[in-house]
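S.K.: Start counting the sequence shown at 1; every next residue gets the next number (full-length UniProt numbering).
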Amino acid sequence: MRLSDFWKRMKLHFGDQYAESWAQDYIIADLGGRTVIQALAEGVGAKEVWHAVCGVTDVSPRLR
1 MRLSDFWKRM
11 KLHFGDQYAE
21 SWAQDYIIAD
31 LGGRTVIQAL
41 AEGVGAKEVW
51 HAVCGVTDVS
61 PRLR
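#1: Around the Cβ of L63, are there at least 16 other Cβ atoms within 10 angstroms (buried) or fewer (exposed)?
#2: Tell me the DSSP bridge mates of R34?
#3: Where does L63 sit, in a helix, a strand or coil, going by DSSP?
#4: Hey, how far is the Cα of Q17 from the Cα of A29?
#5: If I measure Cβ to Cβ from Y26 and keep anything under 8 Å in the same chain, skipping five residues before and after, which residues do I get?
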């Protein structure tokens, strides 16, 4: 998954303004206790991060 596709899905799910805030603040256990921003910065793939987001939120099946 491209990073641009990841952010598109994040914005569709959370909304344009809340997506980045959530990604910066919400700690996900499946990402080693990191936030989305931290995991991406440390080289975790966008697809893996997206699956972790899907695991902790109620993402629409069309976005999964």
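Here a beta-carbon is modelled for each residue, glycine too, at the ideal position from N, C-alpha and C. As the structure is a prediction and not an experimental result, all values here were calculated from the model.
M.R.: According to the data block:
#1: exposed
#2: Paired residues: I28.
#3: coil
#4: 24 Å
#5: T35, V36, V56
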